[in-house]
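Q:
Number of protein chains: 4
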Amino acid sequence: MTESSTRVEAFSDGVFAIAITLLILEIRVPRGAGNLWAGLAALWPSYVAFLMSFIVILIMWVNHHELLRMVQGVTYPFLFANGLLLLTVTFVPFPTAVLAANLATAQAKPAVAFYCATFVVNALCWNILFATMVRGGLLRPEVTPATVESVRRAYYLGIVVYLAAALLSFIEPVIGLLINVSLWVVWVTLGYRADATADR
Amino acid sequence: MTESSTRVEAFSDGVFAIAITLLILEIRVPRGAGNLWAGLAALWPSYVAFLMSFIVILIMWVNHHELLRMVQGVTYPFLFANGLLLLTVTFVPFPTAVLAANLATAQAKPAVAFYCATFVVNALCWNILFATMVRGGLLRPEVTPATVESVRRAYYLGIVVYLAAALLSFIEPVIGLLINVSLWVVWVTLGYRADATADR
Amino acid sequence: MTESSTRVEAFSDGVFAIAITLLILEIRVPRGAGNLWAGLAALWPSYVAFLMSFIVILIMWVNHHELLRMVQGVTYPFLFANGLLLLTVTFVPFPTAVLAANLATAQAKPAVAFYCATFVVNALCWNILFATMVRGGLLRPEVTPATVESVRRAYYLGIVVYLAAALLSFIEPVIGLLINVSLWVVWVTLGYRADATADR
Amino acid sequence: MTESSTRVEAFSDGVFAIAITLLILEIRVPRGAGNLWAGLAALWPSYVAFLMSFIVILIMWVNHHELLRMVQGVTYPFLFANGLLLLTVTFVPFPTAVLAANLATAQAKPAVAFYCATFVVNALCWNILFATMVRGGLLRPEVTPATVESVRRAYYLGIVVYLAAALLSFIEPVIGLLINVSLWVVWVTLGYRADATADR
């Protein structure tokens, strides 16, 4: 049972590590005889998109890590719920590339909305994974109902806030991106709190 | 011996994780000054191909995982039979890209047939791997002849059904894809059954 | 606690391994009906860029490896400081491609300067990671203050020397690259020394 | 010491797994309105190149695996000798793409020669790695001088045979490729022998 959990971690870590590293492939070398600095500067939408997706995948990896520490074993439904989550993680390089290609154009609104919508689905998958863990009785006995409630609320919040970000992007794309950034603070703070209360 | 088995798992997990994550590279950002939503919607064959290949590689990873839990050690022929299987896994992004590029065109029939044919070869390799395990005496003593027979039949079924899917694709490509989807149910159910009967 | 450290290592190793392997994707097959040897020879800037980035990522991986051996556990800030460092590692294929595309052109100066500037930021992140380890009390008790001071000085030196390399590239790009190469000797020697003083 | 060895294995496995999986990215989907089967068939040089490189990297991974089982610990020079070997492994997708692009053209001779020459350098690196292990006293006491001699001779043979393959490719490229294939038999047989004599 422990062995299984190890392999899920290894596979998930692999997917997170590859998805986070593939992001750089979307930044293309500026071609043309012009000034290189100008060409590099013109890539700012690519840097913004790269940074945003890198940070969010990193935070997801840390959260995944914390989540699996709550687990005492894995079941078949857990493997597939985890796989569904990973599907949304491996998808991230695509909306990132869409964002990079359109952020400085007239198509910025749909690009940001699509980017945020990806994370609505991702947030949904975190909820499904956690529900699978709770229903399957996979949580360690030392995980308190208060922690379960706090994780559940944070994951639920993710769906709502990303949905709001997607909708507000149609009015002003910068707001959509800023909401994304502000969510980082929520996830990181949540993790810190779990860290402080845990007596590992 | 245990150490060897660990490294085979790590290498295989790496290959599965990379192959599953590379799939996203085949979905290209829509270019052109038109409406972005229309451009994203026009990519539906890419999403279908991505989803189908992601799910099938995920299921393969879970099955590989179950299979290696039956093993008490690895031999040289096992390493190469496993490598042959991984060859067909790393190949998957190519037929996936072929499927994505042709599903909405007049070439849908050969594209789906080629996609299914890839999994005929893949199913053959699962049979070879399992035969190598059985003949090499690598199975743990607690693995019953009934389980061996059930796994063998399921793997054999894979060859037959994927072959049927490939052939039927020449008549109607949608049928070929639906057979692929229905096979997921078979693999997942098989896993569940093994899960229920195992008293780990 | 140990388990957490193991997963950080696994994730970091994954990122290092993927970043180092993706470098090859930037070397494009020479196209055209001309002589293949001439085409392969004309790619020398790509080989130089590939070699330089491969070696520096390899050295970074070895150093990361040594650094984590000093640690007795990981905390939340450590995970993010490590993530920040990995961000600069996954970024490396991009300046490498910029270097390869421009080294043999009139844009060699900005290309080398940009390449070196990337490592200024990278060196900064090594400093941040080490400071996080020291302040968080994560170092094993057997790590002496002398070792801490020596690592800190080496990391600080990294910032200064890469900055000098970036600036000197504006005068003569070859000097910038040679300073990069000479830094390898510093890192490797540093590692050897730590190896010699450790009594494991 | 054991921990270090584990991380070298994990990193090396990662590089082997990524290099072997990236090979598929070089096979491009046939474009154009023509018959898809004809387009897929015309890619035969890509399939040949993919197969050859997949098999040789797989064999290298198995051999690396066997080699590290002979080791009782790792040193700093070992890490760099191993890194040098990995450099030649990550390089493989490039000569593979060169081979695929030129095998069916008038440039087949230089393409095969370049492909073989890559493995001359690779074989050299295996020799360097093994020499580093022997000189550093890293071999387990149960590794007999006869085994050391047999491994050394096999690795030395690699250099000579790949060099012959590279040179003969200038006369007839098919001979060069066939020598590559025949070398697989040598490596696999060598492994089998080591397997038979080991009393794990």
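Protein chains in written order, with the working numbering: chain U, 10 to 209; chain Z, 10 to 209; chain D, 10 to 209; chain F, 10 to 209. Cβ coordinates follow ideal geometry from the N, Cα and C atoms, glycine included.
#1: Verify the CB distance criterion: does Val87 (chain U) have a CB-CB separation below 7 angstroms to chain D?
#2: Between the alpha carbons of Val65 (chain F) and Leu32 (chain F), how many angstroms are there, rounded?
#3: What residues in the stretch 111 to 144 of chain Z have a beta carbon less than 8 angstroms from any beta carbon of chain F?
#4: So, does the stretch 118 to 129 of chain F touch the stretch 78 to 88 of chain F, judging by three or more C-beta pairs under 8 angstroms?
#5: Under 7 angstroms between the Cβ atoms of Val17 (chain F) and Val107 (chain Z)?
#6: Shorter than 7 angstroms from the beta carbon of Arg16 (chain D) to some beta carbon of chain U?
#7: Can you list the alpha helix (DSSP H) stretches of 4 or more residues lying completely in the stretch 11 to 62 of chain Z, in chain order?
#8: Out of D:Ala19, D:Trp46, D:Trp70, D:Val183, state which residue places its alpha-carbon closest to the alpha-carbon of Gln116 (chain D).
#9: Taking all protein chains shown into account, do 16 or more other C-beta atoms lie within 10 angstroms of the C-beta of Val169 (chain D), making it buried, or fewer, making it exposed?
#10: For Asn136 (chain Z), I'd like the list of residues in its chain whose CB is within less than 6 angstroms of its CB, leaving aside the five on either flank, ordered along the chain.
#11: Counting only runs that start and end within the stretch 93 to 175 of chain F, where is the alpha helix (DSSP H) found for 4 or more residues in a row?
#12: Within the 7 angstroms Cβ cut-off, does Met10 (chain D) reach chain F?
#13: With a threshold of 16 other CB atoms inside 10 Å of the CB of Ile180 (chain U), please say whether the residue is buried or exposed.
#14: Once you ignore the five residues that flank Ile68 (chain F) on each side, which residues in its own chain have a CB closer than 7 angstroms to its CB?
#15: Whose C-beta lies closer than 7 angstroms to the C-beta of Asn91 (chain U) among residues of the same chain, with five residues either side of it excluded?
#16: Determine the burial state of Glu35 (chain U): buried for a count of at least 16 other Cβ atoms within 10 Å of its Cβ, exposed for fewer.
#17: As a quick exercise: from D:Ser178, D:Ile27, D:Ala174, pick the residue whose alpha carbon is nearest that of Phe100 (chain D).
#18: Would Phe59 (chain Z) and Ile29 (chain Z) qualify as a contact pair, given that the criterion is a beta-carbon distance under 7 angstroms?
#19: When the cut-off is 7 angstroms and only beta carbons count, does Ile27 (chain D) lie next to chain U?
#20: Does the separation of the CB atoms of Leu93 (chain D) and Pro54 (chain D) fall below 7 angstroms?
#21: Does Leu147 (chain F) have its Cβ less than 7 angstroms from a Cβ in chain D?
#22: I need the straight-line Cα distance from Leu187 (chain D) to Ala120 (chain D), nearest angstrom please.
#23: Report the option in Z:Val71, Z:Leu76, Z:Ala47, Z:Ala50 whose CA atom is closest to the CA atom of Leu148 (chain Z).
#24: Identify every residue that forms a DSSP beta bridge with Val80 (chain F).
#25: Can you tell me which of the three DSSP states Phe179 (chain F) falls into?
#26: Does the distance from the C-beta atom of Val143 (chain F) to that of Met79 (chain F) stay below 7 angstroms?
#27: In or out: Trp46 (chain D) buried (at least 16 other Cβ within 10 Å) or exposed?
#28: Between Leu172 (chain Z) and the rest of its own chain, which residues show a CB-CB distance below 7 angstroms, the 5 nearest in sequence each way excluded?
#29: Under 7 angstroms Cβ-Cβ, which residues of chain U neighbour Thr97 (chain D)?
#30: If I measure Cβ to Cβ from Val57 (chain F) and keep anything under 7 angstroms in the same chain, skipping five residues before and after, which residues do I get?
A: In short, the structure shows the following:
#1: In the sequence under discussion, the amino acid at residue 87 (chain U) is Phe, which differs from the Val named in the question. The beta-carbon of Phe87 (chain U) is placed no less than 7 angstroms from the nearest beta-carbon of chain D.
#2: In a straight line, the C-alpha of Val65 (chain F) is about 12 angstroms away from that of Leu32 (chain F).
#3: Residues passing the 8 angstroms Cβ filter: Asn111, Gln116, Pro119, Ala120, Phe123.
#4: Contact annotation: the stretch 118 to 129 of chain F does not touch the stretch 78 to 88 of chain F, with fewer than three C-beta pairs closer than 8 angstroms.
#5: Their beta carbons are not under 7 angstroms apart, which means Val17 (chain F) does not touch Val107 (chain Z) by this criterion.
#6: Output row for Arg16 (chain D): interface = yes.
#7: Runs of alpha helix (DSSP H) with 4 or more residues, each lying fully within the stretch 11 to 62 of chain Z, are found at 11 to 31, 45 to 50, listed in chain order.
#8: Closest option to Gln116 (chain D), Cα to Cα, is D:Val183.
#9: Around the beta carbon of Val169 (chain D), fewer than 16 other beta carbons lie within 10 angstroms, which makes this residue exposed.
#10: Cβ within range, chain order: Tyr164.
#11: The stretch 93 to 175 of chain F contains these whole alpha helix (DSSP H) runs: 102 to 111, 117 to 144.
#12: Residue placement at Met10 (chain D) is flagged as unreliable, the pLDDT there being 39, under the threshold of 50; the coordinate-derived value follows with that caveat. The beta carbon of Met10 (chain D) sits no closer than 7 angstroms to any beta carbon of chain F.
#13: Exposed is the call here.
#14: Closer than 7 angstroms at Cβ, skipping near neighbours: Trp193, Trp196, Val197.
#15: Leaving aside the five residues that flank Asn91 (chain U) on each side, the residues in its chain whose CB is nearer than 7 angstroms to its CB run, in chain order, Val17, Ser21, Leu138.
#16: Counting Cβ neighbours within 10 Å, Glu35 (chain U) comes out buried, since at least 16 surround it.
#17: In this structure, D:Ile27 is the residue among D:Ser178, D:Ile27, D:Ala174 with its C-alpha nearest to the C-alpha of Phe100 (chain D).
#18: Their beta carbons are not under 7 angstroms apart, which means Phe59 (chain Z) does not touch Ile29 (chain Z) by this criterion.
#19: Under the Cβ criterion of 7 angstroms, Ile27 (chain D) is counted among the residues facing chain U.
#20: Cβ distance not < 7 angstroms, so Leu93 (chain D) and Pro54 (chain D) don't count as in contact.
#21: Taking Cβ atoms only, chain D never reaches closer than 7 angstroms to Leu147 (chain F), which makes this a no.
#22: Straight-line measurement puts the Cα of Ala120 (chain D) at about 14 angstroms from the Cα of Leu187 (chain D).
#23: In terms of Cα proximity to Leu148 (chain Z), the closest of Z:Val71, Z:Leu76, Z:Ala47, Z:Ala50 is Z:Leu76.
#24: The partner list for Val80 (chain F) (beta bridge, DSSP) reads F:Leu148.
#25: Phe179 (chain F) carries a coil assignment under DSSP once its states are collapsed to helix, strand and coil.
#26: No, these two residues do not count as a Cβ contact at 7 angstroms.
#27: With fewer than 16 other Cβ atoms inside 10 Å of its own Cβ, Trp46 (chain D) counts as exposed.
#28: For Leu172 (chain Z), where only same-chain residues beyond five positions count, the Cβ hits under 7 angstroms are Val129.
#29: Against Thr97 (chain D), chain U offers no close residue; the least beta-carbon distance is about 10 angstroms (beta-carbon pairs closer than 7 angstroms).
#30: For Val57 (chain F), where only same-chain residues beyond five positions count, the Cβ hits under 7 angstroms are Leu112.
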